[in-house]
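Here the protein sequences line up with chains A and B, keeping their order.
Heads up, the first sequence is in numbering that gives the first Met the number 0, so the first residue is 0 and it goes up one at a time.
Heads up, the second sequence is in numbering that gives the first Met the number 0, so the first residue is 0 and it goes up one at a time.
Since the structure comes first, as structure tokens, the remarks are kept for the end.
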Amino acid sequence: MDKRSKISAAYLFLSPALLAIFIFFLIPVLAALVMSFTDFDIYSLGNLSYARFIGLQNYIEIFKDPLFWQSLKNTFYFVVVGGPLSIAVSLGAALFLSSRLVRFKGIFRLVYFMPVVTTLVAVSILWRFIYNPQFGILNYFLGFIGVHPIDWLGNPLWAMPAIILMAVWKNFGYNMIIFIAGLQNIPEDLYEAANLEGASEWNKFKSITLPMLAPTTLFVSIITMIGYFQLFAEPYVMTQGGPLNSTLSIVLYMYREGFMWWNMGYSAALAFILFIIILIISLIQLKMQRETNL
Amino acid sequence: MKKALLYSILILAAILCLLPFVWMISASLMANGHANVYPPRFLPDKVTFIQYKHLFSRLNVFRYFLNSVVVSVGVTIVSLFINSMAGYAFAKYRFAGEKSLFKLLLSFMIVPAQVTMLPLFLMLKYMGLINTYLAIIIPGMASVFGIFLIRQYLLAIPDSLIEAAKIDGANDFKIYFSLVLPLAKPILITLAIFTFMATWNDFLWPLIIMTNDSMYTLPVALANLMGEHNQDTELMMASSVVTIIPVVLVFLSLQKYYIKGIMLGGVKG
């Protein structure tokens with residue numbers, strides 16, 4: 000077979016995927032950018048020609064919009080507290096499960112992974128009942144250690160922590176698996192050498208495990224952060240963004256503006272701001288990683 | 000001593016992971032109002048399937064179940080073909096711009112899906128596809144993650160196998176169908192589980208694109224049901240059980256492939 004037909008076969012194999020990505024991903028991304036500079040609204044939905052270019056107007060309005068700042072603050076709260084907490088729990092679980100002393104690892108791993116595979120909406124509904132201030136099982140158990148009933152989802156102070164707690168429970172199993180894989184890649188002789196020098200467990204963790212895991216940790220932090228910035232179903236199902244907008248996330252705000260009020264230009268600008276935030280933070284994390292490696 | 004401490008932590012964590020599910024299943028088997036009591040019951044006084052009967056006879060849950068099955072199976076089959084072809088091309092063919100094209104595709108992974116949703120909605124609206132299964136299947140046809148996963152797997156397969164088939168006179172498509180696909184079976188199963196579960200569990204896109212009650216997928220129907228039945232704990236728990244059973248079964252029966260897939264995806268970092 001000659002080289003030309005070989006190359007054309009490659010393009011044939013690629014074309015369905017490239018075409019689908021071009022039409023249903025790349026064009027929409029560019030269209031969303033264009034849209035964010037227009038006043039596309041419910042009237043434009045009926046007739047495209049009603050949409051007009053308004054330059055940066057949407058972005059200017061967003062920066063003056065208290066609800067945007069509120070949703071940004073809430074989303075950051077979720078990412079900055081929930082992200083590291085999830086990663087810490089994942090790492091802890093991975094360390095425990097990698098211990099030589101533990102048997103039945105497969106079963107524990109399976110159990111810890113169960114929340115990951117279950118449907119987020121179903122789990123959010125389940126936790127809404129768990130958090131019920133009157134009948135919920137969480138307050139019941141907390142009662143044993145003398146904690147008075149908390150109105151988890153009805154109190155603006157507790158609603159976001161409650162969503163974070165559920166997210167940690169739901170997600171830690173995923174990163175745990177990645178950490179277990181990362182731990183398996185650390186050469187055993189590093190620990191043996193440290194043992195000969197009589198290093199403590201904590202010292203081994205600090206000077207062998209953590210540095211050797213750094214690439215895994217970076218990967219895990221980036222995917223967790225990207226996922227957590229897209230917080231939506233939990234507040235949609237559990238709190239509708241309340242109480243007092245304390246759980247209104249950027250994506251929930253975007254969804255409301257775009258698909259409930261049909262302010263699609265404004266909503267597209269919100270989506271792009273989310274994208275830019277995710278992009279900047281990923282780049283910072285990558286850069287930090289490179290610098291610590293030097 | 001150390002061992003005992005380790006096990007008690009592990010077992011406590013396992014209980015914390017499972018207890019919510021135990022309560023969910025148990026509440027779904029209770030009569031109306033029996034889960035709304037203090038102190039909470041962890042087992043039903045008398046097991047009843049009345050909630051499930053109600054779901055299937057009056058609330059049309061079978062229809063939502065069917066919708067979820069159709070879109071999840073549809074996306075899985077179509078995307079498996081499209082992604083495996085592209086992954087194969089990237090793994091085993093050399094062509095101009097191959098590396099930069101692959102890098103470009105990988106960089107797309109950082110774009111949150113929400114960015115595409117507004118124009119995608121309009122596109123599908125003008126194509127008359129709102130409230131059709133295709134509105135979920137079409138945007139799910141190709142995925143960069145899927146292409147990446149298949150490429151990584153196929154890179155490890157020796158070129159000599161493919162060369163040998165070529166010398167025997169097999170054409171490119173015959174090689175893809177009768178050699179590459181069978182060889183890639185483990186990763187195809189992994190990707191199939193990933194895709195099936197992600198589509199089954201997805202919420203935002205079906206919520207946007209399925210506005211007609213009869214086209215709801217289970218998560219959308221569930222969120223909608225919650226609006227009307229937020230006091231009916233037992234009924235809501237039964238519908239949650241119905242929603243998660245298929246994914247849990249798929250996971251339990253194929254968990255090895257799933258776990259391997261996460262590890263393979265995680266190696267990239």
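The beta-carbon is built from N, C-alpha and C at its ideal position, and this holds for glycine as well.
Where the alpha helix (DSSP H) through residue i begins and ends
i      : result
Y6/B   : 1-27
F101/B : 97-106
V72/B  : 60-91
P234/A : 232-237
N130/B : Per DSSP, N130/B belongs to no alpha helix (DSSP H) and is neither H nor E.
H33/B  : Looking at the DSSP string, H33/B is not in any alpha helix (DSSP H), and its letter there is neither H nor E.
K169/A : 158-183
R255/A : Taken as a continuous stretch (DSSP letters only), R255/A belongs to no alpha helix (DSSP H), as it is neither H nor E.
S85/A  : 82-97
M225/B : 217-227
R102/A : It is not in any alpha helix (DSSP H) - R102/A carries neither H nor E in the DSSP assignment.
Q50/B  : 49-56
Y190/A : 187-195
L152/A : Unbroken run through L152/A: none, as it is neither H nor E.
T246/A : Premise fails: T246/A is in no alpha helix (DSSP H) and is neither H nor E.
R150/B : 143-154
G142/A : 136-143
M140/B : No alpha helix (DSSP H) contains M140/B, which DSSP labels as neither H nor E.
I166/B : 158-166
W261/A : Careful: W261/A lies outside any alpha helix (DSSP H) and carries neither H nor E.
Q69/A  : 65-76
Residues bridged to residue i (per DSSP)
i      : result
T117/A : None; T117/A has no bridge partner.
T215/A : Beta-bridge pairing links T215/A to no other residue.
T37/A  : F52/A
Where residue i falls, given that 16 or more other Cβ within 10 Å makes a residue buried
i      : result
K1/B   : exposed
F77/A  : buried
T210/B : exposed
F64/B  : buried
L203/B : buried
F250/B : buried
A12/B  : buried
L15/B  : exposed
E294/A : Outside the displayed range of chain A (0 to 293) lies residue 294/A, so it cannot be described from this structure.
V110/B : buried
I179/A : buried
E200/A : exposed
K91/B  : buried
I283/A : exposed
L293/A : Caution applies to L293/A, whose pLDDT of 49 falls short of 50 and renders its modelled position unreliable; the model cannot decide the point.
M126/B : exposed
Same chain only: Cβ atoms within 6 Å of residue i, ignoring 5 sequence neighbours per side
i      : result
L212/A : G181
G166/A : First, the residue type needs correcting, since residue 166/A is Ala and not Gly in the sequence shown. Taken in chain order, the residues that qualify are G81.
G264/A : M34, T37, D38, F39, N57
E290/A : none
I144/A : none
Contact set for residue i: own chain, Cβ-Cβ below 8 Å, skip 5 residues either direction
i      : result
V236/A : V120, S123, I124, R127
L84/A  : I163, V167
I277/A : M224, I225, F228
A222/B : F202, L206
H228/B : L234, M235
I192/B : V249, F250, L253, Y256, Y257, G260
A169/B : S177, L178
L29/A  : none
Residues near residue i by beta carbon distance below 7 Å, same chain, minus five either side
i      : result
I280/A : M224
K267/B : For K267/B, the pLDDT reaches just 41, beneath the cut-off of 50, and the residue's location in the model is therefore unreliable, leaving the point undetermined.
I86/A  : N174, V219, S220, T223
V46/B  : L28
I208/B : F120, L123, I129, A134, I135
L18/B  : none
S43/A  : Y49, A50
Test: residue i CB closer than 8 Å to a CB of chain C
i      : result
T131/B : The question asks about chain C, but that chain is absent: this structure's protein chains are A and B.
Check whether the stretch 157-164 of chain A and the stretch 98-106 of chain A are in contact - that is, three or more C-beta pairs closer than 8 Å.
Touching, no, given that fewer than three Cβ pairs across the two stretches are closer than 8 Å.
Determine contact between the stretch 33-53 of chain B and the stretch 116-127 of chain B, defined as no fewer than three beta-carbon pairs at a distance below 8 Å.
Touching, no, given that fewer than three Cβ pairs across the two stretches are closer than 8 Å.
Kindly confirm or deny that the stretch 194-206 of chain B and the stretch 173-186 of chain B touch, where touching means at least three C-beta pairs closer than 8 Å.
Flag = no, the stretch 194-206 of chain B and the stretch 173-186 of chain B do not touch.
Between the stretch 140-147 of chain B and the stretch 66-84 of chain B, do three or more beta carbon pairs fall short of 8 Å?
Taking a cut-off of 8 Å on C-beta distances, the stretch 140-147 of chain B touches the stretch 66-84 of chain B, as three or more cross pairs fall below it.
Would you check if the stretch 61-75 of chain B and the stretch 212-221 of chain B touch, i.e. whether three or more CB-CB distances between them fall below 8 Å?
The stretch 212-221 of chain B makes contact with the stretch 61-75 of chain B: 3 or more CB pairs, one atom from each, lie closer than 8 Å.
The stretch 94-112 of chain B touching the stretch 159-172 of chain B, judged by at least three CB pairs closer than 8 Å:
Because the criterion of three Cβ pairs below 8 Å is not met, the stretch 94-112 of chain B and the stretch 159-172 of chain B do not touch.
Stretch-stretch touch, CB-based, cutoff 8 Å, three pairs: the stretch 132-140 of chain A with the stretch 30-37 of chain B:
The stretch 132-140 of chain A vs the stretch 30-37 of chain B: in contact.
Is the stretch 59-76 of chain A close to the stretch 237-252 of chain A, with three or more CB pairs under 8 Å?
Contact between the stretch 59-76 of chain A and the stretch 237-252 of chain A is present, because at least three Cβ pairs lie under 8 Å.
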